[in-house]
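Here's the structure, in structure tokens; my notes come after.
There are 2 protein chains.
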Amino acid sequence: MQIAPPGFDRVFSALADHTRRDIVRRAISAEEGVLELASHYPISFAAVQKHVAVLERAGVITKQRIGRRRIVRTNREAVLVARRLLDQYEGLWRARIDRMNELIAETAGAIDTAETKESKR
Amino acid sequence: MQIAPPGFDRVFSALADHTRRDIVRRAISAEEGVLELASHYPISFAAVQKHVAVLERAGVITKQRIGRRRIVRTNREAVLVARRLLDQYEGLWRARIDRMNELIAETAGAIDTAETKESKR
DNA sequence: CGTTGATACAACCGTATGGTTGTATCAATG
DNA sequence: CATTGATACAACCATACGGTTGTATCAACG
Numbered sequence: 181m182q183i184a185p186p187g188f189d190r191v192f193s194a195l196a197d198h199t200r201r202d203i204v205r206r207a208i209s210a211e212e213g214v215l216e217l218a219s220h221y222p223i224s225f226a227a228v229q230k231h232v233a234v235l236e237r238a239g240v241i242t243k244q245r246i247g248r249r250r251i252v253r254t255n256r257e258a259v260l261v262a263r264r265l266l267d268q269y270e271g272l273w274r275a276r277i278d279r280m281n282e283l284i285a286e287t288a289g290a291i292d293t294a295e296t297k298e299s300k301r
Numbered sequence: 181m182q183i184a185p186p187g188f189d190r191v192f193s194a195l196a197d198h199t200r201r202d203i204v205r206r207a208i209s210a211e212e213g214v215l216e217l218a219s220h221y222p223i224s225f226a227a228v229q230k231h232v233a234v235l236e237r238a239g240v241i242t243k244q245r246i247g248r249r250r251i252v253r254t255n256r257e258a259v260l261v262a263r264r265l266l267d268q269y270e271g272l273w274r275a276r277i278d279r280m281n282e283l284i285a286e287t288a289g290a291i292d293t294a295e296t297k298e299s300k301r
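From first to last, the protein sequence lines are chains Y and L.
End of the first sequence = 301 in my numbering, gap-free, step of one.
End of the second sequence = 301 in my numbering, gap-free, step of one.
Next up, the structure:
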């Protein structure tokens, strides 16, 4: 009945930082090494490298060695996993709304036909 | 050009904790006060209350005073906002794949009919 | 109006996080 | 093989975080 498997903590907290989200975005479209990535931000190279490490530990990006560089690519599956969790929430919501509509329908029925022994809830 | 408006940091880091995600899940379907919520977890009431406060600051849940209790409800819009960001990433991905297919088509075209100046799509 | 139930808030503790600088690794290149 | 370009790693600092216990607020109820 657990809705949240392991790994979610890391994925969401990886996405909880503005710089890291921007890295994720960039690494979808472009293929850059860590140094090139770092050039886009006002912080030190080491800081960016640590951000990349966090994303890597969370499985959100992977690095592929090409020559001297490590090309950073974001992992589509990891993003999808996060999205699916939010989809589950949406599903719960729909279920709740359906339940409420059902109840309203029942109540309306009880008003219409007052003899029904619907006393549940 | 910024893909990430303010607030995302808080929403994602709110979702980055297992207990908080469970609170979010519960508060979609049920209508419980903070004390009732706390009864589901092995940590102290104060700890749960702090989690709820974090979720509230992030806009992920809201509290409605009913009698002495504060009913916790999760805010659908906030969850949707996060989901939309992940959707944007998916969009970037499709765009990238489209671009790649385009390139492949162009290249293939160049091979098949080397004289055609078909560079549109 | 004093008690109780439900919630909030403050102080404190250990650990994690985001940033820095400096040093080490390691493959390409001259 | 020494140099350089690209990356990794370690040490350090300040602040934030998740947890605790204890105290304060505040509406309901007798």
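Note that CB positions come from ideal geometry on N, CA and C, so glycine has one too.
Note that the structure is predicted; figures quoted are calculated from it, not measured.
Rounded C-alpha distance that separates residue i from residue j
{"i": "V261(L)", "j": "E282(L)", "result": "31 Å"}
{"i": "A285(L)", "j": "L217(Y)", "result": "30 Å"}
{"i": "R256(Y)", "j": "Q229(L)", "result": "35 Å"}
{"i": "T242(L)", "j": "L215(Y)", "result": "42 Å"}
{"i": "Y269(L)", "j": "T287(Y)", "result": "44 Å"}
{"i": "D202(L)", "j": "I251(L)", "result": "16 Å"}
{"i": "L272(Y)", "j": "R237(L)", "result": "23 Å"}
{"i": "L266(L)", "j": "V204(Y)", "result": "11 Å"}
{"i": "R274(Y)", "j": "V191(Y)", "result": "25 Å"}
{"i": "A194(L)", "j": "G187(Y)", "result": "15 Å"}
{"i": "H220(L)", "j": "P222(Y)", "result": "44 Å"}
{"i": "V232(L)", "j": "Q244(Y)", "result": "40 Å"}
{"i": "A227(L)", "j": "D189(L)", "result": "21 Å"}
{"i": "G239(L)", "j": "F225(L)", "result": "21 Å"}
{"i": "I246(L)", "j": "H198(Y)", "result": "37 Å"}
{"i": "I277(L)", "j": "R276(Y)", "result": "37 Å"}
Interface residues of chain L facing residue i [CB-CB closer than 8 Å]
{"i": "I208(Y)", "result": "Y269, L272, W273 and R276"}
{"i": "R263(Y)", "result": "R263, L266, D267 and E270"}
Within chain Y, partners of residue i - CB distance below 9 Å
{"i": "S219(L)", "result": "Going along chain Y, no residue has its Cβ under 9 Å from S219(L), so there is no contact; the nearest lies around 16 Å."}
Within chain Y, partners of residue i - CB distance below 7 Å
{"i": "F302(L)", "result": "In the structure as shown, chain L starts at 181 and stops at 301, and residue 302(L) therefore has no counterpart that could be examined."}
{"i": "R253(L)", "result": "The contacting residues do not exist; R253(L) stays about 11 Å from chain Y at best."}
{"i": "R256(L)", "result": "W273"}
Short CB-CB distance (under 8 Å) between residue i and chain Y
{"i": "V234(L)", "result": "no"}
{"i": "V259(L)", "result": "yes"}
{"i": "F188(L)", "result": "yes"}
{"i": "R201(L)", "result": "yes"}
{"i": "Q229(L)", "result": "no"}
Within chain Y, the residues that residue i reaches when beta carbons sit closer than 8 Å
{"i": "V204(L)", "result": "Y269"}
Residue-chain proximity (residue i, chain L), Cβ-Cβ < 8 Å
{"i": "R237(Y)", "result": "no"}
{"i": "I246(Y)", "result": "no"}
Supposed close pair residue i, residue j - CB separation, criterion 8 Å
{"i": "G213(Y)", "j": "R249(Y)", "result": "3 Å"}
{"i": "R200(L)", "j": "L235(L)", "result": "6 Å"}
{"i": "A207(Y)", "j": "T254(Y)", "result": "4 Å"}
{"i": "A196(L)", "j": "A196(Y)", "result": "5 Å"}
| Continuous alpha helix (DSSP H) assignments of at least 4 residues falling wholly in the segment 235-282 of chain L | none
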